[in-house]
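Structure first, then comments.
Residue numbers (the working numbering): 475 to 879.
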């Protein structure tokens with residue numbers, strides 16, 4: 475600082491949209507060092523290597539690997555893995571035919587949250603802008619994902635009414651799906667859970683929609699249990715009465731994970747972040763046997779030294795790491811405010827949207843495992859956008875416009 479509140483720029487403005495981070499002082503203050511990606515290794519996005527990488531797991535019987543994208547989803551038989559790239563532009567599929575794009579939109583921030591139908595070769599996806607509750611977001615079905623030619627895959631619209639509908643997840647029979655929506659949410663866009671009674675044609679085809687939660691809160695990130703009896707979801711329904719409606723344009727936090735009995739609609743809170751801070755426990759997913767839940771949370775806090783990290787302007791939230799918690803699927807009351815959990819990942823960067831499969835990376839039937847790298851994960855160099863911006867694309871950092879939950 476050369477004067478109060480007048481910072482002196484040290485780095486040259488060669489790439490205004492590139493990250494210059496983690497500064498340090500050298501040689502008694504004569505030099506200032508900083509971290510920067512090597513520009514001479516920049517690649518075009520089509521040339522970025524795309525592999526899955528194993529990471530160390532604290533569970534002896536649970537393997538962990540990292541997908542080069544977001545919102546991974548496994549088919550029930552474990553033979554197919556789908557996800558979207560970090561620009562929310564295309565749906566990728568890994569199966570016996572390799573890794574390829576099976577559906578692509580016209581631009582970034584247009585598609586996310588794919589999930590398999592448990593009985594058919596169908597992916598449900600959200601199409602529209604992400605993290606903008608006041609804009610229209612529709613749920614579509616992409617049929618014949620792995621079998622039809624790419625040009626013949628036409629998404630089928632399932633929701634209507636121009637609401638913000640997201641995070642569908644089908645029941646084990648594949649006949650209906652639960653999702654969250656701003657319908658009935660009023661001007662403040664409160665979100666509740668609904669069940670689409672016809673998973674094939676949706677309400678556009680005349681199917682009914684049943685509301686299953688009702689309140690001035692945000693219920694979201696819902697998933698049906700493997701046995702069909704429970705629905706797990708994230709919600710801020712227990713936030714303090716004096717919590718603000720918004721925090722710098724985003725949700726105020728206070729998210730916890732809940733279980734709902736599908737039959738009687740009873741709800742119990744399973745795990746939450748600290749009550750005295752606006753924490754997040756989000757993106758819950760069931761284990762294949764339905765006896766554990768994996769979540770993305772800030773239970774282990776987040777980085778207190780943002781200068782040591784690239785500026786994640788596009789990060790959804792610094793949720794932190796992935797944790798698992800054991801539940802009793804037969805006794806709802808035993809799942810109330812569970813205190814024991816296991817940390818699965820350890821990273822300063824955001825880990826989010828987990829998926830769980832019973833098939834290991836060594837299972838010969840799960841042929842997507844041919845893309846799993848046994849060696850240590852080394853992030854690929856970034857590539858440049860035409861406007862000079864850099865992104866990690868398929869290597870970790872979300873590359874969508876600034877988010878608003």
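Glycine included, C-beta positions come from ideal geometry on N, C-alpha and C. In this text, all values refer to a predicted model and were calculated from it rather than measured experimentally.
Host beta strand (DSSP E) of residue i (start-end)
i: residue 772; result: Segment: none, residue 772 is in no beta strand (DSSP E) and carries neither H nor E.
i: residue 617; result: 612-617
i: residue 424; result: Only positions 475 to 879 of the chain appear in this structure, which leaves residue 424 out of reach.
i: residue 564; result: 564-569
i: residue 640; result: 639-644
i: residue 578; result: 572-578
i: residue 531; result: No beta strand (DSSP E) contains residue 531, which DSSP labels as neither H nor E.
i: residue 757; result: 755-760
i: residue 684; result: 683-685
i: residue 743; result: 741-746
i: residue 632; result: Element bounds for residue 632: n/a, residue is neither H nor E.
i: residue 821; result: Neither: residue 821 is in no beta strand (DSSP E) and is coded neither H nor E.
Cβ-Cβ distance between residue i and residue j below 8 Å
i: residue 544; j: residue 538; result: no
i: residue 645; j: residue 680; result: no
i: residue 695; j: residue 757; result: yes
i: residue 718; j: residue 728; result: no
i: residue 891; j: residue 795; result: This structure cannot speak to residue 891, because the chain is shown only from 475 to 879.
i: residue 554; j: residue 585; result: no
i: residue 558; j: residue 588; result: yes
i: residue 733; j: residue 806; result: yes
i: residue 731; j: residue 708; result: yes
i: residue 759; j: residue 745; result: no
i: residue 693; j: residue 687; result: yes
i: residue 826; j: residue 764; result: no
i: residue 527; j: residue 508; result: no
i: residue 771; j: residue 830; result: no
i: residue 595; j: residue 621; result: yes
Under the three-state DSSP convention, the category residue i falls into
i: residue 480; result: strand
i: residue 624; result: helix
i: residue 693; result: strand
i: residue 838; result: Annotation note: pLDDT 46 at residue 838 (below 50); position unreliable, coordinate value reported separately. Coil at residue 838, not helix or strand.
i: residue 808; result: helix
i: residue 854; result: For residue 854, the predicted structure reports a pLDDT of 43, less than 50, and the residue's modelled location is therefore unreliable. The matter cannot be settled from this model.
i: residue 678; result: helix
i: residue 501; result: helix
i: residue 800; result: strand
i: residue 599; result: strand
i: residue 538; result: strand
i: residue 795; result: strand
i: residue 654; result: strand
i: residue 588; result: strand
i: residue 766; result: strand
i: residue 666; result: strand
i: residue 752; result: coil
Identity of the residues DSSP links to residue i by a beta bridge
i: residue 509; result: 495
i: residue 547; result: 556
i: residue 593; result: In the DSSP output, where bridge partners are listed per residue, residue 593 has none listed.
Q) At what residue ranges does the segment 705-737 contain a whole run of the beta strand (DSSP E), taking only runs of 3 or more? A) 730-735
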